[in-house]
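If you're matching them up, the sequences are chains A and B in order. The first sequence: position 23 = 23 (the UniProt record's numbering), numbered continuously. The second sequence: position 150 = 150 (the UniProt record's numbering), numbered continuously. Heads up, the beta-carbon is just placed ideally off N, CA and C, and yes, glycines get one too. Working notes for the structure below.
Protein chains: 2
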Amino acid sequence: MLFIIGLGLGDERDITLRGLEAVKSCEKVYMESYTSLLSFGLDSHGLSNLEKLYGKTITLADREMVEEKAHHILEEARHSHVAFLVVGDPFGATTHTDLVVRAKKMGIHVQSVHNASVMNAIGICGLQLYRYGETVSIPFFTDSWRPDSFYEKIHSNRTMGLHTLCLLDIRVKEPTLESLARGRKTYEPPRYMTINTAIEQLLEVVQERQQPAYTEDTQCVGFARLGSDDQMIIAGTMKQLQMVDFGAPLHCLVITGNTHPLEEEMLEFYRCRT
Amino acid sequence: MLFIIGLGLGDERDITLRGLEAVKSCEKVYMESYTSLLSFGLDSHGLSNLEKLYGKTITLADREMVEEKAHHILEEARHSHVAFLVVGDPFGATTHTDLVVRAKKMGIHVQSVHNASVMNAIGICGLQLYRYGETVSIPFFTDSWRPDSFYEKIHSNRTMGLHTLCLLDIRVKEPTLESLARGRKTYEPPRYMTINTAIEQLLEVVQERQQPAYTEDTQCVGFARLGSDDQMIIAGTMKQLQMVDFGAPLHCLVITGNTHPLEEEMLEFYRCRT
């Protein structure tokens, strides 16, 4: 049996009772460390908090391990209870869907334990979840690679009056160019896109467009460390939010569409005071 | 202090440790009973399970009570810890946003505890959450009231290749016409829209359209009791799903847009076998 267990967004206390019961029943516990480890404040200290709570040793599984050793993990799950822990909800990221597909093809029983994810926790700012259009991802621009397919999606959403959730790039365990050339893996330090960088890129992309989908005066909401005790949520124009120091990762950004009065009232509590 | 605590989707075991800790610290515990009580299997038996777990008496709060007595609830929260329990995530429904706005205006400190909601738990079927467009609500048609504003939204979503989550109507504690006339309140029995009725209405609405946004052969996914031990998830055409008995509420329906290979692979496990 393979349990895919969502841990929620804050810390070890955000697991559900159902999830805790499942993980305690498992002989082996893996935790994905590639999509959003840091959101969980997981240095080695954080990990030992989880291990204490579960009474289990946790094996961190980065992308490489899940892709290369999935078969090994799944073989274990064929004969015993194996937990695969995921920050947020299990089906936020494609990689976990892939693991489930492989498990099911091997005839292994899979049970999912749901939890909050960024996709619904952003509801806290007052913008109604059913008024969102397609979610976009904003990748780090480099000198030679500046993909802007997110622009057309934001444009469509705003044309229909819908809000847009922008997920910001995370680069964890990226091999250095040098190491790729040498065939011996060393890794870049992890990078997490800030709201400031995201807005900079958004405004760069819009510069040469006719009838721009948004401007520096467009209302947005910035979220940092959503679901944690020290989360930060600020509503303001792109120009205003660009001046805010949101602190440690993870960040995400919502570009508003048309807002209703109740949405406005709620945003008022998060309004930028500069 | 007002705690708005999401209970998740299944049963009492879906609360988070953080949520349980908060509710145990409260002197008064309310639970919303108007948006999705039944999804929680909450007869009086279910409620006593919750009360046992929390070691607290729970006061059920229907829409009327929250609207009429919000001030009373909030006055209590000014001087003591009050929990307001919500099935799913706190910000799934507008009514809770309204309560939070009122609390904040009164200067009452509000803390939210997130959890899974339908909006992210549908990820389990393999259709990626970032590939969804605007969510629609399908209301019960009557002889004289057949609002079809959902159609244009589905049309937009499908034109862009996006999936559409259809939330199905719930009618709980609706005053009878007779009682409205008499000024003495009696209520209609609760009604929950089935996937079958939703598809019937969807197909009725599309009948006279040019270039219909979908047909009876459009691929959909039906969900019943999502997140519960006896959840049912079936993928098939509208015509196929219309023949399926999904059993007890709550139901919801996803109309697919363009699907990627990994999404298709995952849907295959849920495919209708008729």
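Thinking residue i and residue j are a contact (beta carbons under 8 Å), I'd like their distance in whole angstroms, please.
| i | j | result |
| --- | --- | --- |
| A/Leu-85 | A/Leu-165 | Between A/Leu-165 and A/Leu-85 the Cβ distance is about 24 Å, and since that is not below 8 Å, they are no contact. |
| A/Ile-4 | A/Val-29 | Not a contact, Cβ separation roughly 12 Å. |
| B/His-114 | A/Ala-116 | 4 Å |
| B/Met-119 | A/Met-119 | 7 Å |
| B/Glu-174 | B/Tyr-187 | 6 Å |
| A/Leu-226 | A/Ala-121 | 5 Å |
| A/Leu-129 | B/Phe-150 | 16 Å between Cβ atoms; not a contact. |
| A/Glu-263 | A/Leu-127 | 5 Å |
| A/Leu-17 | B/Arg-13 | 4 Å |
Please report how far the alpha carbon of residue i lies from the alpha carbon of residue j, in whole angstroms.
| i | j | result |
| --- | --- | --- |
| B/Asp-230 | A/Thr-142 | 48 Å |
| A/Leu-168 | A/Pro-139 | 7 Å |
| A/Ala-213 | A/Ile-195 | 18 Å |
| A/Leu-202 | A/Tyr-192 | 16 Å |
| B/Ile-15 | B/Gly-183 | 40 Å |
| B/Asp-11 | A/Ile-154 | 37 Å |
| B/Met-266 | B/Leu-74 | 46 Å |
| B/Ile-124 | A/Ser-112 | 8 Å |
| B/Ala-61 | B/Glu-32 | 5 Å |
| B/Trp-145 | B/Leu-177 | 15 Å |
| A/Asp-245 | B/Asp-98 | 30 Å |
| A/Ala-22 | B/Thr-197 | 36 Å |
| B/Met-1 | B/Val-100 | 11 Å |
| B/Met-243 | A/Lys-239 | 54 Å |
| B/Leu-162 | A/Thr-94 | 16 Å |
| A/Thr-159 | B/Lys-69 | 39 Å |
| B/Val-205 | B/Asp-89 | 31 Å |
| A/Leu-20 | A/Ser-48 | 15 Å |
| B/His-260 | A/His-96 | 15 Å |
| B/Leu-253 | B/Ile-234 | 10 Å |
| A/Ser-228 | B/Arg-63 | 30 Å |
Does the CB of residue i have a neighbour CB from chain A at under 7 Å?
| i | result |
| --- | --- |
| B/Val-254 | no |
| B/Val-101 | yes |
| B/Tyr-130 | yes |
| B/Arg-184 | no |
| B/Asp-89 | yes |
| B/Lys-104 | yes |
| B/Leu-127 | no |
| B/Glu-265 | yes |
| B/Thr-197 | no |
| B/Ile-124 | yes |
| B/Arg-271 | no |
| B/Asp-14 | yes |
| B/Ser-228 | no |
What is the DSSP secondary structure of residue i, counted as helix, strand or coil?
| i | result |
| --- | --- |
| residue 285 of chain B | Any question about residue 285 of chain B goes unanswered here, given that chain B covers just 1 to 274. |
| B/Ile-234 | strand |
| A/Lys-173 | coil |
| A/Leu-253 | strand |
| B/Pro-15 | It should be noted that the sequence gives Ile, not Pro, for residue 15 of chain B. Coil, per DSSP. |
| A/Phe-141 | coil |
| B/Gly-227 | coil |
| B/Val-23 | helix |
| A/Ala-116 | coil |
| residue 282 of chain B | The question about residue 282 of chain B has no answer here: the residues shown for chain B are numbered 1 through 274. |
| B/Tyr-54 | helix |
| A/Val-87 | coil |
| A/Tyr-214 | coil |
| A/Met-65 | helix |
| B/Leu-162 | coil |
| A/Val-244 | coil |
| A/Phe-150 | helix |
| A/Arg-273 | coil |
| B/Thr-95 | helix |
| B/Lys-185 | coil |
| B/Arg-131 | helix |
| A/Gln-207 | coil |
Answer yes or no: does any C-beta atom of chain B fall closer than 7 Å to that of residue i?
| i | result |
| --- | --- |
| A/Glu-208 | no |
| A/His-163 | no |
| A/Met-119 | yes |
| A/Ala-116 | yes |
| A/Gly-236 | no |
| A/Glu-134 | yes |
| A/Thr-97 | yes |
| A/Leu-7 | no |
| A/Leu-17 | yes |
* Inter-stretch contact (C-beta, 8 Å, three-pair minimum) for the region 266 to 273 of chain A and the region 221 to 237 of chain A -> yes
request  = Pair every Cβ in the region 72 to 86 of chain B with every Cβ in the region 233 to 249 of chain A, then say whether three or more of these pairs are closer than 8 Å.
outcome  = no
Subject >> Contact the region 94 to 107 of chain A vs the region 127 to 139 of chain A: 3+ CB pairs below 8 Å >> reply: no
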